[in-house]
Amino acid sequence: MPVGLIVLMAALMTPLIALAIRGAGPEPTALATFFAFVPVVPVVAVFLWIDRWEPEPGRLLLMAFFWGAGVAALAAAFSSIALNHAWEKVVGTGVGNVLGTVVTAPFVEEGFKGAFLLLLLAVRRRELDGIVDGIVYAGLVGVGFAFSENILYLGTAISENGLHGGFMLFALRCILSPFAHPIFTAMTGLAIGAMSRSSSKARFAYPLFGYLAAVLLHSLWNGSATLLGERGFFLVYLVFMVPVFVAMASVVVWQRRREQRIVATQLPRFVAAGWIAPAEVRYLASLPGRSGWRAAVERQWGHEAAKAVREYQTAVTELAFFYDRWQRGAVGRDAGEWQHDLVTAVTVARTWATMHPHALHTAGSAAGAPPAHSTPEPIS
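Heads up: the sequence shown runs through residues 0 to 379, numbered per numbering that gives the first Met the number 0.
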């Protein structure tokens, strides 16, 4: 992805910062930006940890974050202003504010956030090939959106109620519920990820159901504070949001184990085809085996050799996921070209690794001697 596109998305945060400065002042906005950034690093780290089997391209991950922080946040802000103004004209200011918070914001915000997943599926379909990918990309969009939104809310709180008010809101939004927006959008990402791996005729309805689930959770979250007060907020937090978080974590654990089974199942095929060495199977079949292999290589032969092994491991994983999708009939018309590209990627990655012979020797394979190569069976 072009770096310029990422920069453009990031630049779209500028009007939001200007809006915060206009409403709260420069100093409260500066403090709010610092506070809003605090949860970003640990929450992003969680999603990167989830994405360990098949790490997504760094530029796409950055794009997901800045789509949320720039494109989605800006579009949602101006759309909400316009729609809330319409509500006020129809039902009055008081009811209009409630409808804006409970109805307009969830539908608009989740729509603009979820649009990134649909665009990614349309433009870079090969990069979004499962539920974990959908959750990771959606989560980073949500993190970016929360970052920009927190700047606006925290700036206002600090301006109106001082540091004490800012700290109270910081505790609620950044410490108690930093995963709120990521989890909302992850509903859409989960559904789109499931669609990408499904051959069912009903799969095209999955994104709609995921979006509606995201809207429902978001509306419930907003309504708990707006309609039920502080006690209602904590009640909804404990009764609904905590179980949803646990359920999402369970889905992630289940999917990661499923990904491990997929890789382990496909590795014998790759050995028979001559794409990997038999001795590498036990190192490629588990995350501890992979990380141990890389750590041993880096310790003995340096960072470049370990990087070569990482690229090789990722290429093997992508090929395994492809074959799993193909076997279930979830690959499109470009299956043959896709297969060729992935096999080539494995071959190139292994060739790069053999430039650091000890990297493969560490895994127990012949020092730099690639296994015999065979042509993959054609896919129609």
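Backbone N, C-alpha and C define an ideal beta-carbon position, used for all residues, glycine too.
Nearest to residue i (by Cα), restricted to the options the options
i	options	result
M186	N96, K200, S223, D132	D132
V431	P25, T225, L61, L18	As shown, the chain starts at 0 and ends at 379. That puts residue 431 outside it, with no answer to give.
F239	A295, V122, H217	H217
S195	F232, I134, L15, S290	I134
E258	T343, V94, L234, A319	A319
A44	F64, F33, P25	F64
E148	F36, H355, W351, E317	F36
A276	F233, R349, A305, E317	R349
V315	E336, R289, K112	R289
F183	K200, A352, L162, V241	V241
S79	E55, L120, G110	G110
A23	G331, G222, G161, L47	G161
I16	P38, A76, P41	A76
W253	I49, W220, P14, I5	I49
Q338	E303, H355, F269, G291	F269
E159	E336, A304, P27	P27
H355	A85, A304, D128, G231	A304
P54	G291, V296, L286, G331	L286
Q265	F321, A212, F233	F321
V250	I130, K200, G331, P14	I130
P56	W220, T313, G331, A295	T313
A212	G301, A190, G291	A190
E108	E297, N221, G331	N221
Whole-angstrom C-beta distance between residue j and residue i, which should lie under 8 Å
i	j	result
G143	A68	3 Å
T103	L82	5 Å
W274	V342	7 Å
N71	V140	According to the sequence shown, residue 71 is Ala rather than Asn. Right, the Cβ-Cβ distance comes to about 7 Å (below 8 Å), so this counts as a contact.
A31	A19	7 Å
A271	A284	16 Å between Cβ atoms; not a contact.
Same chain, Cβ closer than 8 Å to residue i, five either side skipped, listed in chain order
i	result
P267	V280
L59	M0, L119, R123, E126, Y136
D202	Here residue 202 turns out to be Arg, not Asp, going by the sequence shown. Cβ neighbours of R202 beyond the five flanking positions: A193, M194.
V243	I182, L216
P377	Model confidence at P377 stands at a pLDDT of 48, short of 50, so the residue's coordinates are unreliable; what they give is reported in the following sentence. Once the five neighbours on either side are set aside, the close Cβ partners of P377 are G335.
G291	Y282
L227	L234, V235
I5	R58, L61, M62, F65
A175	Note on identity: in this sequence residue 175 is Leu, with Ala being the wrong assignment. Within the same chain, L175 has close Cβ partners Y236.
F208	A190
V89	G95
6 Å Cβ shell around residue i - same chain, five flanking residues per side excluded
i	result
A368	Low local confidence applies: a pLDDT of 41 at A368 is under 50, so the model's placement there is unreliable, with the coordinate-based value given in what follows. Hits under 6 Å: none found.
A145	H180
G231	S223
A204	none
D128	S195, F320
Minimum Cβ-Cβ distance from residue i to chain B less than 8 Å
i	result
S218	Absent from the structure is chain B; it holds one protein chain and no more.
Whether residue i touches residue j by CB criterion (8 Å)
i	j	result
L168	L153	yes
I261	D323	yes
G164	A156	yes
W52	R255	yes
G91	A137	no
A329	S198	yes
A344	V308	no
L117	E126	no
Y380	G113	A question about residue 380 goes unanswered here, because the residues of the chain that appear run from 0 up to 379.
P177	V42	yes
A106	V214	Before going further, note that residue 106 is Phe rather than Ala in the sequence given. Yes.
M62	M8	yes
F34	C173	yes
Contacts around residue i, its chain only, beta-carbon distance under 7 Å, and the 5 residues preceding and following it disregarded
i	result
R327	S198
M247	I182, A185
E87	G95
A383	With the chain running from 0 to 379 in the structure shown, residue 383 is simply not present.
Y311	A348, R349, A352
W66	M8, F115, V140, G143
H84	none
L219	V235, F239
W14	Reading off the sequence, residue 14 comes out as Pro, not Trp. Hits under 7 Å: L73.
| Which runs of the alpha helix (DSSP H) spanning at least 4 residues fall entirely within the segment 229-301, listed in chain order? | The qualifying runs are 241-272, 280-283, 286-300.
| said: Restricting to runs no shorter than 3 residues, where is the beta strand (DSSP E) found entirely within the segment 64-110? | reply: With a minimum length of 3 residues, no continuous beta strand (DSSP E) run stays inside the segment 64-110.
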